[in-house]
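Structure first, commentary second.
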Amino acid sequence: MFDTVVQHLRGLGCEVLAHDLCAEGFAPELTAHETETVRSATGTHDAGLALHRAEVATLDAMVFVHPNWWGMPPAVLTGWVQRVLVPGVAYKLGTADGEPEGLLKAGRALVLNTSDTPADREEAEFGDPLQKIWSACVLPYVGVADVRRVVFRTVTGSSAETRASWLRQARDHAAALLT
Numbered sequence: 001m002f003d004t005v006v007q008h009l010r011g012l013g014c015e016v017l018a019h020d021l022c023a024e025g026f027a028p029e030l031t032a033h034e035t036e037t038v039r040s041a042t043g044t045h046d047a048g049l050a051l052h053r054a055e056v057a058t059l060d061a062m063v064f065v066h067p068n069w070w071g072m073p074p075a076v077l078t079g080w081v082q083r084v085l086v087p088g089v090a091y092k093l094g095t096a097d098g099e100p101e102g103l104l105k106a107g108r109a110l111v112l113n114t115s116d117t118p119a120d121r122e123e124a125e126f127g128d129p130l131q132k133i134w135s136a137c138v139l140p141y142v143g144v145a146d147v148r149r150v151v152f153r154t155v156t157g158s159s160a161e162t163r164a165s166w167l168r169q170a171r172d173h174a175a176a177l178l179t
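Here the sequence shown is numbered in full-length UniProt numbering, starting from 1 and rising by one per residue.
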C-alpha cells in the first residue's frame, strides 16, 4: 500500500518525501539526550532524525500507512511521532490559552490503516483508538486540521481481488488529498 500510494502521487506530479521507517532502521526510542532536550528542536546529533524534522516542516500534506498494532501505530511510527514532532518543529508551547500552537504547514493528512479487527468489534470494545490517536491526540496539535482516515479490514483471509480493491481505494484517497 505504501509503495502504491507513493508511486501514484509521484505519477500525479507530486514531490513525495517517502520514508519506510523499518527499511531505514529508524530508531524509535528517545535517547537520554533527547529526553533532556525535548523542548528544543535542535537537540539532536542524529543526522537522520534531523532530516526527518527538517522535511516534516516543509510538507503540504502527510500520508501515514500502517497496520493497527494492538490499537496503536507500530512502535517505530510512535517513536517517529515522539522524536520528530517535537516543540520548535511541529508545535510551540507557552501560548496564552495554554494549548500548543501547531507549526506545521501541512494542513491535511491521510492515515491508511490495515486491521484484522472487524469494524463492529473495534467500535464496541475499543472505540477506535487509532481515530482518537491521529485526529484528537496528535495531528491537530501540530497544525493539521483536515485528518482523513481509511481502514482496510480484515486482512487475514482477504482475497487478492479485495486487496487489489484496497490499493485502488488507497490511490483514490491519496489523490483526493491534493484537492
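Glycine included, each C-beta is placed from N, C-alpha and C at the ideal position. Quick caveat: nothing in here was measured; it's all calculated off a predicted structure.
Query raised in the report: Skipping 5 residues on each side, what residues in its chain have a beta carbon closer than 6 Å to that of glycine 71?
Result: Answer for glycine 71: Phe126, Pro129, listed in chain order.
Query raised in the report: In whole angstroms, what separates the C-alpha of valine 147 from that of leucine 178?
Result: Rounded to the nearest whole angstrom, the CA to CA distance from valine 147 to leucine 178 is 13 Å.
Report task. Consult DSSP for threonine 179 and reduce its assignment to one of helix, strand or coil. Result -> Under the three-state reduction of DSSP output, threonine 179 falls in the coil class, being neither helix nor strand.
Report task. Would you identify the three-state DSSP class for glycine 102, choosing helix, strand or coil? Result -> Strand, per DSSP.
Report task. Tell me, to the nearest whole angstrom, how far the beta carbon of leucine 77 is from that of histidine 173; I am working on the premise that it is less than 8 Å. Result -> That pair is no contact at about 18 Å.
Report task. Would you be able to state if there are at least three C-beta pairs under 8 Å between the stretch 138 to 158 and the stretch 98 to 108? Result -> Contact holds: three or more Cβ-Cβ distances are below 8 Å.
Query - Selected residue, minimal CA-CA separation from glycine 48, among Ala57, Ala176, Glu24 - result: Proximity to glycine 48 across Ala57, Ala176, Glu24 peaks at Glu24, based on C-alpha coordinates.
**Report entry** As assigned by DSSP and simplified to three states, the class of leucine 9
**Finding:** Secondary structure at leucine 9: helix, using DSSP grouped into helix, strand and coil.
Query raised in the report: Starting from histidine 52 and walking both ways along the alpha helix (DSSP H), at which residues does that stretch end?
Result: 47 to 56 is the span of the alpha helix (DSSP H), which, as asked, contains histidine 52.
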